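Worksheet: one structure, shown below.
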Amino acid sequence: GESVGLHLPTLSVQEGDNSIINCAYSNSASDYFIWYKQESGKGPQFIIDIRSNMDKRQGQRVTVLLNKTVKHLSLQIAATQPGDSAVYFCAETINQAGTALIFGKGTTLSVSS
Amino acid sequence: NAGVMQNPRHLVRRRGQEARLRCSPMKGHSHVYWYRQLPEEGLKFMVYLQKENIIDESGMPKERFSAEFPKEGPSILRIQQVVRGDSAAYFCASSAGTGRTEAFFGQGTRLTVV
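Each protein sequence line maps, in turn, to chains A and B. With the first letter of the first sequence counted as 1, position 81 gets the number 81 in this note's numbering; the numbers rise by one all the way through. With the first letter of the second sequence counted as 1, position 111 gets the number 111 in this note's numbering; the numbers rise by one all the way through.
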């Protein structure tokens with residue numbers, strides 16, 4: 001079935017390093033993707049989004065890359081900080097109307113000082 | 001401008017009771033989504049509503065679960081005759097438009113069935 005998933009369930013980095021979190025999706029019709037950050041006990045928080053007519057989008061310290069050929073999405077965090085420690089989810093729309101999002105299981109990012 | 005408000009934050013129910021979860025979207029948002037998150041799992045889409053209408057309920061269990069978003073008041077996710085397997089965090093999100101716009105999430109309601 002169609003699914004969105006992340007390659008690694010956990011990622012540990014040192015403070016100041018760059019982090020790369022990956023996501024593979026299987027629905028080639030998806031045209032809108034979002035990365036969310038979820039801290040313990042809280043709801044998901046929007047980080048950055050990208051539409052399928054783009055390959056790259058940059059925000060503050062974050063960059064999302066989209067490779068439609070291999071259906072791969074990545075989130076890059078520059079100069080990772082302890083406050084970045086959280087679970088990161090990628091999400092895609094699951095139908096043409098864009099009425100819902102589907103989430104992978106998440107990657108837990110741990111940042112040590 | 002308050003964010004998405006969910007209440008209660010924590011809810012404990014005995015097996016067989018009913019659980020009612022409430023979600024007030026952000027001001028100006030007329031689209032509401034409900035998701036369920038099991039421990040150590042990602043979020044699973046349940047239902048998408050606009051005011052007074054269910055648009056997509058493809059993720060809702062066929063029995064015991066229902067959702068509404070009345071003209072006035074919050075959206076309600078209702079679970080009848082709860083079972084232990086219903087224990088999870090239930091998140092609500094709202095947006096100003098369809099899924100291709102940013103959705104904001106509430107803090108969630110953590111349901112525990114004992």
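For each residue, glycine too, the CB sits at the ideal point set by N, CA and C. Bear in mind the structure is a predicted one, so any value in this text is a computation, not a measurement.
Could you check which residue in the options has the C-alpha nearest to that of residue i?
i: B:Glu41; options: A:Met54, A:Thr107, A:Ser112; result: A:Thr107
i: A:Ser12; options: A:Tyr88, A:Arg61, A:Glu92, A:Thr93; result: A:Tyr88
i: B:Arg15; options: B:Ala2, B:Arg64, B:Ala96, B:Glu52; result: B:Arg64
i: B:Phe104; options: A:Asp31, A:Lys37, A:Gly41; result: A:Lys37
i: B:Gly85; options: B:Gly97, B:Gly108, B:Ser95, B:Gln37; result: B:Gln37
i: A:Asn18; options: A:Lys105, A:Gln81, A:Ala86; result: A:Gln81
i: B:Glu52; options: B:Pro61, B:Lys71, B:Pro39, B:Glu18; result: B:Lys71
i: B:Pro39; options: B:Arg13, B:Ala19, B:Ser87; result: B:Ser87
i: A:Glu39; options: A:Gly83, A:Glu15, A:Phe103; result: A:Gly83
My guess is that residue i and residue j are in contact by the Cβ rule of under 8 Å, so how many angstroms apart are they, rounded?
i: B:Phe45; j: B:Gly59; result: 4 Å
i: B:Leu49; j: B:Ala67; result: 6 Å
i: B:Phe91; j: B:Gly73; result: Actually they do not touch by this definition, with Cβ atoms about 19 Å apart.
i: B:Arg110; j: B:Arg9; result: 7 Å
i: A:Ala78; j: A:Arg57; result: With a Cβ gap of about 14 Å, A:Ala78 and A:Arg57 do not count as contacting.
i: A:Ile21; j: A:Leu65; result: With a Cβ gap of about 11 Å, A:Ile21 and A:Leu65 do not count as contacting.
i: B:Val113; j: B:Val83; result: 6 Å
i: A:Ser85; j: A:Lys68; result: So it is not a contact: roughly 30 Å between Cβ atoms.
i: A:Ile50; j: A:Gly59; result: Rounded, the Cβ-Cβ distance is 10 Å, inconsistent with contact.
Would you kindly work out how many angstroms separate the C-alpha atoms of residue i and residue j, rounded to a whole number?
i: A:Thr10; j: B:Glu102; result: 26 Å
i: B:His31; j: B:Ser75; result: 10 Å
i: A:Ile34; j: A:Leu101; result: 9 Å
i: A:Leu109; j: A:Gly41; result: 15 Å
i: A:Phe46; j: A:Cys90; result: 10 Å
i: B:Gln6; j: B:Gln81; result: 21 Å
i: B:Tyr35; j: A:Ser112; result: 31 Å
i: B:Leu161; j: A:Ser28; result: As shown, chain B starts at 1 and ends at 114. That puts residue 161 of chain B outside it, with no answer to give.
i: A:Leu73; j: B:Gly28; result: 31 Å
i: B:Ser94; j: B:Gly3; result: 9 Å
i: A:Tyr25; j: A:Lys71; result: 6 Å
i: B:Gly108; j: A:Tyr32; result: 24 Å
i: A:Glu2; j: A:Lys105; result: Because A:Glu2 carries a pLDDT of 39, less than 50, the predicted location of this residue cannot be relied on, and the following value inherits that uncertainty. For A:Glu2 and A:Lys105, the distance between alpha carbons rounds to 14 Å.
Quick one: grab the DSSP three-state call for residue i.
i: B:Arg9; result: coil
i: B:Arg110; result: strand
i: B:Arg84; result: helix
Open item on the list: Which runs of the beta strand (DSSP E) at least 3 residues long sit entirely within the region 4-74 of chain A? Give them in chain order.
Closed with: 4-6, 10-14, 19-25, 32-38, 45-51, 56-58, 62-67
- [ ] Output the residue ranges of the beta strand (DSSP E) runs that lie fully inside the region 43-70 of chain B and measure 3 residues or longer, sorted by chain position.
- [x] 43-50, 53-56, 65-68
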